[in-house]
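In the working numbering, the protein residues as written are 10 to 387. Idealized CB from N, CA, C, for every residue including glycine. Here's the structure, in structure tokens; my notes come after.
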């Protein structure tokens, strides 16, 4: 009897092994692929850095050879270059970018608003503003602002730039926002009016609280179509972190910052920087449904009496930097989840195969036992 069972046991073990190979392993692989994010390996990062170094040659930006101009009108100040127009509101810290794509009728448009400041208790120590943590909040657009502007000529570098300065002074809060737009690229910003460099300077009295943190929320309102989602990156050979959104015409809308800030005259590090994005549907003039993407960028600062920080925002159209950003965005974007019916497909197939194999095993065992009984009777 035992000798008769040996081939049955061996057959069952082989069938179970086949089930593992044919069903369980493919399902596990399908689950792993559907949830994977492809990181940059150390070798990949080294290769990207070497490639960037090889390509990093001096690029003559045609627009930087042209003069940038300022026009002051009622309620706004406009700064223009051959491919950019930046419109500053004179009543609040809000500006609009218009980027004209070369050899194309497309215009990339987005607005930047220095929106709100917060004092909050970080109860869970996650460096973010969560529900129930806000002690005070001020909408920057509700404050009264004085605005000044000037043009600077630097003979040493043959460079020209404009300063737009917003100042709010009150018993509770003093804020100065200085925005710079350059004709030629510098160590702090791109030229050709591609970028606005912002100096934020804040001192406070009412807001002093050693147990609380301070945060600034800026909002990007993007009317132009963007490819994929926002990506927060720290690119190789870049001295800044940033939020980047690719446009269909190959440029990047960017919001960048240095992680180092000046607190009470000494260098300090941001507590955190993060972003939230949402898509808003709105009705256009042609009565067509179009999408507007909003991205909130939040910087959280340590306790201070005086603070200085210098983020920037604009358009990245330099071919070398665009290529680097494009490669990095591709690497960090998560694999898009498959539709639900594709996600459950491996399980359905696995179930069918398992049922067939289980039926085959049961039928084989029943026939084997019947054969053993017949032999026993003989």
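What span of residues does the beta strand (DSSP E) with residue 447 cover, start to end? Outside the displayed span of the chain (10 to 387) sits residue 447, for which this structure offers no information.
In three-state terms, what does DSSP make of residue 146? As a first step, residue 146 is located in the chain shown; it is residue number 137 there, counting from the start. Residue 146 falls in the strand class under three-state DSSP.
Return yes when the Cβ of residue 230 is within less than 7 Å of the Cβ of residue 120, no when it is not. The residue given as residue 120 occupies position 111 in the chain shown. The residue given as residue 230 occupies position 221 in the chain shown. Taking 7 Å as the Cβ cut-off, residue 120 and residue 230 qualify as a contacting pair.
First through last residue of the beta strand (DSSP E) which encompasses residue 208: On the chain shown, residue 208 is found 199 positions in, with the first residue counted as 1. Counting along the chain, the beta strand (DSSP E) containing residue 208 begins and ends at 204-213.
Counting pairs of Cβ atoms below 8 Å between the segment 210-218 and the segment 94-114, do you hit three or more? no
Less than 6 Å between C-beta atoms, sequence neighbours within five positions excluded: which residues of the same chain meet that for residue 428? Because the chain is modelled from 10 through 387, residue 428 falls outside the range shown and cannot be assessed.
Can you list, in chain order, the residues of its chain whose CB lies under 8 Å from that of residue 111, leaving out five sequence neighbours each side? For the purposes of this step, residue 111 is taken as the residue at position 102 of the chain shown. Taken in chain order, the residues that qualify are 92.
Please report the distance separating the alpha-carbon of residue 263 from that of residue 191. As a position in the chain shown, residue 263 is number 254, starting the count at 1. As a position in the chain shown, residue 191 is number 182, starting the count at 1. Between residue 263 and residue 191, the C-alpha separation is close to 17 Å.
Residue 315 to residue 282 span [Cα, whole Å]: Residue numbering aside, residue 315 sits at position 306 when the chain shown is read from its first letter. Residue numbering aside, residue 282 sits at position 273 when the chain shown is read from its first letter. Between residue 315 and residue 282, the C-alpha separation is close to 19 Å.
Residue from 260, 335, 272 and 322 whose Cα sits closest to the Cα of residue 113: By one-based count along the chain shown, residue 113 stands at place 104. Out of 260, 335, 272 and 322, 260 has the C-alpha closest to the C-alpha of residue 113.
Endpoints, the beta strand (DSSP E) within which residue 272 is located: Working through the chain shown from its first residue, we reach residue 272 at position 263. 269-272 is the extent of the beta strand (DSSP E) around residue 272.
Pick helix, strand or coil for residue 161, following the three-state DSSP scheme. As a position in the chain shown, residue 161 is number 152, starting the count at 1. Strand.
Host beta strand (DSSP E) of residue 227 (start-end): As a position in the chain shown, residue 227 is number 218, starting the count at 1. Per DSSP, residue 227 belongs to the beta strand (DSSP E) from 222-231.
When 267, 82, 309 and 332 are compared against residue 197, the one with the closest alpha-carbon: On the chain shown, position 188 is the one that residue 197 refers to. Answer by Cα proximity: 267.
Closest to residue 288 by CA distance: which of 150, 305 and 321 is it? Translated into positions along the chain shown, residue 288 becomes position 279. Here the closest residue by C-alpha is 305.
Can the beta-carbon of residue 131 be found less than 7 Å from the beta-carbon of residue 279? Start at 1 with the first residue of the chain shown, and residue 131 comes out as number 122. Start at 1 with the first residue of the chain shown, and residue 279 comes out as number 270. No. Outside cutoff.
Less than 7 Å between the beta carbons of residue 286 and residue 265, yes or no? On the chain shown, position 277 is the one that residue 286 refers to. On the chain shown, position 256 is the one that residue 265 refers to. Cβ distance not < 7 Å, so residue 286 and residue 265 don't count as in contact.
Out of curiosity, what's the CA-to-CA distance linking residue 99 and residue 257? As a working mapping, residue 99 is identified with position 90 in the chain shown. As a working mapping, residue 257 is identified with position 248 in the chain shown. Their Cα atoms are separated by approximately 32 Å.
Hey, residue 182 and residue 213 are a contact pair by Cβ (cut 8 Å); roughly how many whole angstroms apart? By one-based count along the chain shown, residue 182 stands at place 173. By one-based count along the chain shown, residue 213 stands at place 204. Residue 182 to residue 213, Cβ: 5 Å. Contact.
Using only the alpha-carbon positions, how far apart do residue 49 and residue 152 sit? Here residue 49 corresponds to residue number 40 of the chain shown, with the count starting at 1. Here residue 152 corresponds to residue number 143 of the chain shown, with the count starting at 1. Confidence in residue 49 is poor, its pLDDT being 33 and thus under 50, which makes the residue's placement unreliable; the coordinate value appears in the next sentence. Rounded to whole angstroms, residue 49 to residue 152 spans 45 Å at the Cα level.
Would DSSP call residue 305 helix, strand or coil? Taking the first residue of the chain shown as position 1, residue 305 is located at position 296. Reduced to three states, the DSSP call for residue 305 is strand.
Would you kindly check if the distance between the Cβ of residue 193 and the Cβ of residue 168 is under 7 Å? As a first step, residue 168 must be located in the chain shown, where it is residue number 159. As a first step, residue 193 must be located in the chain shown, where it is residue number 184. Their beta carbons are under 7 Å apart, which means residue 168 touches residue 193 by this criterion.
For residue 116, which option in 123, 95 and 83 has the closest C-alpha, if you only look at C-alpha atoms? Along the chain shown, read from residue 1 onward, the residue named residue 116 stands at position 107. If we check each option's Cα against that of residue 116, 95 comes out closest.
Determine the DSSP secondary structure at residue 184, reduced to helix, strand or coil. As a first step, residue 184 is located in the chain shown; it is residue number 175 there, counting from the start. Strand, per DSSP.
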